[in-house]
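Structure, as structure tokens:
4 protein chains.
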Amino acid sequence: MPTYLGPNQYGKAENRVVRITRDGATHHIKDLNVSVALSGDMEEVHLSGSNANVLTTDATKNTVYAFAKEYGIESAEAFGIHLARHFVTSQEPIRRARIRIEEYAWERITQAHSFVRKGQETRISEITYDGESWQVISGLTGLVVMNSTDSEFWGYVRDRYTTLKETQDRILATEVNARWRFNWTDGDEAGAPQWEQSYDEVRRHLLEAFAGTYSLSLQQTLYAMGSRVVDSRPEIDEIRLSLPNKHHFLVDLAPFDLKNDNEVYFAADRPYGLIEGTVLRDGAEARIPVTD
Amino acid sequence: MPTYLGPNQYGKAENRVVRITRDGATHHIKDLNVSVALSGDMEEVHLSGSNANVLTTDATKNTVYAFAKEYGIESAEAFGIHLARHFVTSQEPIRRARIRIEEYAWERITQAHSFVRKGQETRISEITYDGESWQVISGLTGLVVMNSTDSEFWGYVRDRYTTLKETQDRILATEVNARWRFNWTDGDEAGAPQWEQSYDEVRRHLLEAFAGTYSLSLQQTLYAMGSRVVDSRPEIDEIRLSLPNKHHFLVDLAPFDLKNDNEVYFAADRPYGLIEGTVLRDGAEARIPVTD
Amino acid sequence: MPTYLGPNQYGKAENRVVRITRDGATHHIKDLNVSVALSGDMEEVHLSGSNANVLTTDATKNTVYAFAKEYGIESAEAFGIHLARHFVTSQEPIRRARIRIEEYAWERITQAHSFVRKGQETRISEITYDGESWQVISGLTGLVVMNSTDSEFWGYVRDRYTTLKETQDRILATEVNARWRFNWTDGDEAGAPQWEQSYDEVRRHLLEAFAGTYSLSLQQTLYAMGSRVVDSRPEIDEIRLSLPNKHHFLVDLAPFDLKNDNEVYFAADRPYGLIEGTVLRDGAEARIPVTD
Amino acid sequence: MPTYLGPNQYGKAENRVVRITRDGATHHIKDLNVSVALSGDMEEVHLSGSNANVLTTDATKNTVYAFAKEYGIESAEAFGIHLARHFVTSQEPIRRARIRIEEYAWERITQAHSFVRKGQETRISEITYDGESWQVISGLTGLVVMNSTDSEFWGYVRDRYTTLKETQDRILATEVNARWRFNWTDGDEAGAPQWEQSYDEVRRHLLEAFAGTYSLSLQQTLYAMGSRVVDSRPEIDEIRLSLPNKHHFLVDLAPFDLKNDNEVYFAADRPYGLIEGTVLRDGAEARIPVTD
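Residue numbers (this note's numbering), protein chains in the order written: chain U, 1 to 292; chain D, 1001 to 1292; chain Z, 2001 to 2292; chain H, 3001 to 3292.
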């Protein structure tokens, strides 16, 4: 046969699990979307259709729900680690497990057991285990931010197709999509990062670096955000940011005899600039995949 | 000709306008999506294609941006009132204007001019003016809430197709979509509601009524939410709520020898119960259109 | 109590049902998304939470699936009629049922039982029954069409905010959203329209009228499309069209010393013109709700 | 400084270009969404904010539109090759260009210049050039297919969490997402594949292999689809398929005393199985990135 099987994986995607924990009348909630992807000795199912090595995707779904009961969900990362370890250690043909989790935040209303969905962003995490080493990437998507001043853009290359006017004062707005990689790889739970606290701190640093950077380019802002996270958080060696430039164009009001003194903007949808980059701790290697 | 023209309207939809106001170094932001719909003496453009009575949709767009400069955006409602009045009073063939606005909320980061998008919900408003009377409907969409207990469901009709088990304790979750109508109709700006404060208060009442109602049915919760708004806010005569029942199904863990004591739920997408209803002040007539 | 209950309805929305019919080795498929909305004597469930008059939304879902088996799905309309009649006639407190259905089209690949999803558009229908009279509205959404010439736009009103240039040749593109109402109201199945054939013919007329109309305005095209359907199909008395003007802007290539002879366009997202209107048979009343 | 810059790229994403070509009264249309991503000597813009090496994303947008005029759009691939070559060869700091294109298909209505959007799927292509070697990946997303029989699933692993029942007859439905890599790398246009014809043939092979494979697992179907493409198309060395298992669950009608003889199905949204795999020509290396 002139073809062969390359990289492959399978599993149940987007298992929506909500876990309630009761502390007397006070309830706590974890709201996750969990996707399982397994790989290993899977030649036969592709070539002959034999499922002898296949743990069904349905069983991976059941495992997500059963583990939510058995182990609780202290954090998305800790939950993903339980799942990944289980699949790799309990099934001989499975050599590698990757668990992806989206987490939706809630905050309390007035009662002990009433909640409202919070914020625009989704917290994400990805746990990968191959039986030897662990890789944990956490992140967020959909965090929309804007500086209404303190952003310039000038001094760029001018080729035949360059018509853009330089500016000394523009709106800079983006939707932060970030993934950061922990240097915890040995699976030692005692030495694991404080996942929840780490997330809160990274989110805070990203916001403060965005707000506090006087920007000459979105790339500069990206680097300021990324390096601040790596500088401030010793548990993180690498961060990758994907920042769409959500253009706000100053509307030309001159035809109506009005002056637009950086007051009225058109928020455009498409096209948009897209700035992506990785910031690394000295000595660390880039391992977060480039997916955009 | 055996056909004739019925109800019609036209205009520019989804004009995205961001308005910055500077108070020294402190900036304020209004972020709107404005849709204009006009109607009136428009037979000819439909029948012969003559545009003699047609104000272009492009001009309605320009008006949105010019008015953002000329009048500022104190509130979505006040801005919509300016626009509606302008179209009806400045163009003879236009007899009725309807302005729909979505508003996206932002909150400050640390700086005077840095912001992050806030909350899940979108604030909406709809202003209609026919040259004589005003109708202002405000509302919100996408406010996702959950009670993790204090909800029962039993005592319902049992027909041949009823298999649902009764429950004394379930999760009740919904995405609140609400529109409320003000009894301000005379266009007197001095006597107009405080639009911003009114919105904040209605939102708070909706959340508190949802959280504080021990629920025997989602209909009961709907009525409790609606009547609380009408009871508490004299400027509002009518509210319509559309509440999808975001089902959270208790996962059967018995096959794995685990007991699920209201701890682990599957959050389902489709199908979903959809409960809709209007609550009115005594003596008021239902005028909010049924659109779902 | 100073409030009272206005219009209300409830039911299970978005029941996704796929029905396979076997004709020997040849299979036929119907793929629907069915939403049920019921109303009637529902005061108590809103005021006290008593469910004594409530057929559960879960039972309405079960009914959809059971009826798919018992009656088959000859057409979305015929299926919806079965459902609406059942709810109104079998449950005393239910006085009105509205069934909404989306239908997704498939076409055969090479085999008798292999299919590929077809087209961009979704077929829709809405059946309403109040125990006495029937109203059937059918329609489609998402049918995207374009004329690359034979469209002009000029001769419009010029106010202070008008800057648009007139054009004798533009692209006219829209996404057709149409709903048409049948004059069949008596529930007599023998005299009912041929729902499947009627849909195919209306779709054909809409496309041909769009393509064949030399357009001076999108309103003119709208009326041409609507009147052609009413003129051609005696079973239809009313049609409502909602046509977003999907703007294609000619790109200014002059800065690059290139002439753009109606060749290169930017397809814009927002804002867009939105043209809506109803066309009626002489003597018919407008009954299709204005929802946009 | 304890951090450094890793992989990075930038450019204008989602440039929507429509190109009309006139052949007398007959028009031809190409409708693309073009995203540009450039990388190279970009340290300074990240570290100091100097834009001296930065060709603006706005200029990359202008280039897309200007090239649509200057070179036409014979195919998405040929257009992307023009763009990638331009950026890498005209700007010294730019060492690598990646052009991603989505293409939307249209078919004629009745007239020479009237069109309707066609099909569910989007054609995609990605052209990468680093100054030496070319990589062209083409593909499609959103092609939804179903076999209503000829699919079994049994003989799988049974662990503690396995509850799924084996089946000898199920619906197999998926949304084909495929990317295939051409072995054309030298940039010789005379020897380039016939991009348009190649796409049509690959699409046909995917559909026929899906329809014609009696399936014991979705992995088997995936491999059959992929190997058929590589076997049949000498210009292609590698294909990667991502196939969500769009579950259609047989509805239990027994509570209603009805037998469901593989007739009535519930089409589920989430969770879904997700099967991904690469098929390669013997001797070829896997180079299509794993992005899911």
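In this text, a Cβ means the ideal position worked out from N, Cα and C, and glycines have one as well.
Buried or exposed for Gln1120 (chain D), going by 16 or more other Cβ atoms inside 10 Å? Label assigned to Gln1120 (chain D): buried.
Can you name the residues of chain D whose CB is closer than 7 Å to the CB of Asn2008 (chain Z)? What Asn2008 (chain Z) touches in chain D: Glu1276, Gly1277, Thr1278.
Can you tell me where the alpha helix (DSSP H) holding Thr2089 (chain Z) begins and where it ends? For Thr2089 (chain Z), the enclosing alpha helix (DSSP H) begins and ends at 2076–2090.
Can you grab the Cα-Cα spacing for the pair Asn1008 (chain D) / Asp1058 (chain D), in whole Å? Between the C-alpha atoms of Asn1008 (chain D) and Asp1058 (chain D) there is a straight-line separation of about 18 Å.
Does Leu1216 (chain D) have its Cβ less than 9 Å from a Cβ in chain Z? With 9 Å as the cut-off, Leu1216 (chain D) counts as an interface residue toward chain Z.
Members of the region 1246–1276 of chain D that neighbour chain H once the beta carbon cut-off is set at 7 Å: For the region 1246–1276 of chain D, the residues whose beta carbon sits under 7 Å from a beta carbon of chain H are, in order, Pro1255, Phe1256, Asp1269, Arg1270.
Proximity to Arg3096 (chain H) [Cα-Cα], best of H:Ser3075, H:Ile3109, H:Ile3127, H:Phe3115: If you compare the alpha carbons of H:Ser3075, H:Ile3109, H:Ile3127, H:Phe3115 with that of Arg3096 (chain H), the shortest gap goes to H:Ile3127.
Could you spell out the range, first to last residue, of the alpha helix (DSSP H) harbouring Ser1048 (chain D)? DSSP places Ser1048 (chain D) outside any alpha helix (DSSP H), giving it a letter other than H or E.
At the level of alpha carbons, what is the spacing between Gly3080 (chain H) and Pro3271 (chain H)? One alpha carbon belongs to Gly3080 (chain H), the other to Pro3271 (chain H), and they sit about 36 Å apart.
What residues are listed by DSSP as bridge partners for Lys2030 (chain Z)? Paired residue(s): Z:Arg2019.
Hey, out of D:Phe1256, D:His1248, D:Val1264, D:Ser1198, whose CA is closest to Val1230 (chain D)'s CA? That would be D:Ser1198, whose Cα lies nearest to the Cα of Val1230 (chain D).
Please list the terminal residues of the continuous beta strand (DSSP E) segment that includes Ala1173 (chain D). Unbroken beta strand (DSSP E) run through Ala1173 (chain D): 1172–1182.
Can you confirm whether Arg170 (chain U), when its beta carbon is compared against all beta carbons of chain D, has any partner nearer than 9 Å? No - not a single Cβ of chain D is within 9 Å of the one on Arg170 (chain U).
Let me make sure I understand the geometry here. Which of D:Glu1103, D:Ser1125, D:Asn1062, D:Ala1105 has the alpha-carbon closest to that of His1086 (chain D)? When only C-alpha atoms are compared, the closest one is D:Asn1062.
Does DSSP put Ala2059 (chain Z) in a helix, a strand or coil? In the three-state reduction of the DSSP assignment, Ala2059 (chain Z) falls in the helix class, which pools H, G and I.
Contacting positions in the region 1200–1214 of chain D - beta carbon closer than 9 Å to chain U: Leu1207, Glu1208, Phe1210, Ala1211, Gly1212: these are the residues of the region 1200–1214 of chain D whose beta carbon lies less than 9 Å from some beta carbon of chain U, given in chain order.
Apart from the five residues on each side of it in sequence, which residues of its chain come closer than 7 Å, Cβ to Cβ, to Arg203 (chain U)? Listed in chain order, the non-local C-beta contacts of Arg203 (chain U) below 7 Å within the same chain comprise Leu140, local neighbours out to five positions each way being set aside.
At what residues does the alpha helix (DSSP H) containing His2113 (chain Z) begin and finish? Boundaries cannot be given for His2113 (chain Z), as no alpha helix (DSSP H) includes it and DSSP labels it neither H nor E.
Within chain H, partners of Leu2143 (chain Z) - CB distance below 9 Å: Those within 9 Å of Leu2143 (chain Z) in chain H are Val3116, Arg3117.
Under 9 Å between C-beta atoms of Arg1170 (chain D) and Leu1258 (chain D): With contacts defined as CB atoms closer than 9 Å, Arg1170 (chain D) and Leu1258 (chain D) fail to qualify as a contacting pair.
Quick check on the burial criterion: 16 or more other C-beta atoms within 10 angstroms. Buried or exposed for Trp195 (chain U)? Classification of Trp195 (chain U): buried, given that the 10 Å Cβ count is 16 or more.
So, does the region 1028–1040 of chain D touch the region 155–163 of chain U, judging by three or more C-beta pairs under 8 Å? No contact exists between the region 1028–1040 of chain D and the region 155–163 of chain U.
According to DSSP, is Gly2119 (chain Z) helix, strand or coil? Under the three-state reduction of DSSP, Gly2119 (chain Z) is assigned to coil, being neither helix nor strand.
With burial defined as no fewer than 16 other Cβ atoms inside 10 Å of the residue's Cβ, what is the status of Pro1002 (chain D): buried or exposed? With fewer than 16 Cβ atoms within 10 Å of its Cβ, Pro1002 (chain D) is classed as exposed.
Considering only the alpha carbon of each residue, which of U:Asp282, U:His82, U:Thr26 lies closest to Asn183 (chain U)? Comparing Cα-Cα distances from Asn183 (chain U) to each of U:Asp282, U:His82, U:Thr26, the minimum goes to U:Asp282.
What separation, rounded to the nearest whole angstrom, lies between the Cα atoms of Phe67 (chain U) and Tyr2104 (chain Z)? When rounded, the distance between both Cα atoms is 38 Å.
Could you compute how far the alpha carbon of Ile1099 (chain D) sits from the alpha carbon of Leu1083 (chain D)? Rounded to the nearest angstrom, the two C-alpha atoms are 7 Å apart.
Kindly indicate which residue of H:Ser3090, H:Thr3060, H:Ser3217 has the alpha-carbon position closest to the one of Val45 (chain U). Across the set H:Ser3090, H:Thr3060, H:Ser3217, the C-alpha of H:Ser3217 shows the shortest separation from the C-alpha of Val45 (chain U).
Mark Tyr2214 (chain Z) as exposed unless 16 or more other C-beta atoms lie within 10 angstroms of its C-beta, in which case mark it buried. Classification of Tyr2214 (chain Z): exposed, given that the 10 Å Cβ count is below 16.
Find the residues of chain D that neighbour Arg3160 (chain H), judging by a C-beta separation of less than 8 Å, and give them in chain order. Those within 8 Å of Arg3160 (chain H) in chain D are Phe1256.
Can you tell me whether DSSP reads Gly1283 (chain D) as helix, strand or coil? Note: Gly1283 (chain D) maps to coil in three-state DSSP.
What are the boundary residues of the beta strand (DSSP E) that includes Leu3253 (chain H)? Unbroken run through Leu3253 (chain H): none, as it is neither H nor E.
Can you tell me whether Glu2074 (chain Z) is buried or exposed, with buried defined as 16 or more other CB within 10 angstroms of its CB? Classification for Glu2074 (chain Z): exposed.
Less than 8 Å between the CB atoms is what I'm expecting for Tyr5 (chain U) and Tyr3223 (chain H), so what's the real figure, rounded? A quick correction: the sequence has Leu, not Tyr, at residue 5 (chain U). Right, the Cβ-Cβ distance comes to about 7 Å (below 8 Å), so this counts as a contact.
Just the Cα atoms here: how many angstroms apart are Thr2089 (chain Z) and Leu2055 (chain Z)? Rounded to whole angstroms, Thr2089 (chain Z) to Leu2055 (chain Z) spans 13 Å at the Cα level.
Tell me whether the region 1176–1190 of chain D and the region 2017–2031 of chain Z touch, counting them as touching only if at least three CB pairs, one residue from each stretch, are closer than 8 Å. These segments do not touch.
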